[in-house]
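Notes for the one structure printed next.
In our numbering, the protein residues as written are 1 to 209.
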């Protein structure tokens, strides 16, 4: 296989894998890059998303380059940040995290930023930042308790996953839906195809069926 058709996804996110598969792309390898995701002091949410995606792809490139048979091809990383104003919401790991996020999101608009970073087979770094605006309905205590009971909030930026039950909370969305799920497909596939990756190679082969 040509290096132009090899793709390493520097993420362990099942949602990002599913989104790539939706686009007919099957990563050749998953290589989650372990980085400190804590924001810097007074860091803007969009700056955090950009910084973390670049840090992840560079970390993966560095580690893979030290392997006995260094990986070739493209390396793709992404990071999604949910924010109310300049306030960055955490990835919910506990029920208290999730409650805090849902209370902040209730009846308000928020923004979802995803930074995409790509290192090409030639070693060039390419990046994009995508922003989506989302408005939630005013959440009742029952809404919150029921959603907490579902467990869908675990590990999700902002304490919710739009592709699941929390989709019923969304009053309005302006921008990319797939961005809110975790990987904006238009921008990701445009970035890949612009660097020579044939995004549509498997579309007529039945592999995507």
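Where a beta carbon is used, it is the ideal one built from N, C-alpha and C, also for glycine.
Checking contacts by CB at 7 Å: is residue i closer than that to chain B?
i           : result
residue 165 : You won't find chain B in this structure, because it holds only one protein chain.
Alpha carbon to alpha carbon, how far is residue j from residue i? Give it in angstroms, no decimals.
i           : j           : result
residue 9   : residue 147 : 30 Å
residue 119 : residue 97  : 34 Å
residue 5   : residue 74  : 8 Å
residue 26  : residue 160 : 26 Å
residue 44  : residue 205 : 43 Å
residue 209 : residue 102 : For residue 209, the predicted structure reports a pLDDT of 45, less than 50, and the residue's modelled location is therefore unreliable. The matter cannot be settled from this model.
residue 80  : residue 131 : 10 Å
residue 19  : residue 29  : 15 Å
residue 192 : residue 49  : 19 Å
residue 136 : residue 66  : 45 Å
residue 219 : residue 143 : The requested residue 219 does not occur in the structure, where the chain is confined to residues 1 to 209.
residue 186 : residue 145 : 35 Å
residue 90  : residue 157 : 6 Å
residue 100 : residue 94  : 10 Å
residue 194 : residue 126 : 10 Å
residue 69  : residue 63  : 12 Å
Using 7 Å as the threshold, is the C-beta distance between residue i and residue j below it?
i           : j           : result
residue 138 : residue 107 : yes
residue 112 : residue 82  : yes
residue 152 : residue 173 : no
residue 189 : residue 23  : yes
residue 38  : residue 182 : no
residue 176 : residue 115 : no
residue 46  : residue 129 : yes
Is DSSP giving residue i helix, strand or coil here?
i           : result
residue 94  : coil
residue 209 : Interpretation of residue 209 is limited by its pLDDT of 45, a score under 50 that renders its predicted location unreliable; the figure taken from the coordinates is listed afterwards. Three-state DSSP puts residue 209 in coil, outside helix and strand.
residue 63  : helix
residue 157 : strand
residue 150 : helix
residue 182 : coil
residue 241 : Because residue 241 is not part of the residues shown, which for the chain are 1 to 209, the question remains open.
Identify the residues that DSSP records as bridge partners of residue i: which are they?
i           : result
residue 116 : 78, 128
residue 111 : 83, 133
residue 172 : 135
residue 29  : 8
residue 88  : 83
State buried or exposed for residue i, treating a residue as buried only when at least 16 other CB atoms are found within 10 Å of its CB.
i           : result
residue 201 : exposed
residue 12  : exposed
residue 117 : buried
residue 41  : exposed
residue 178 : buried
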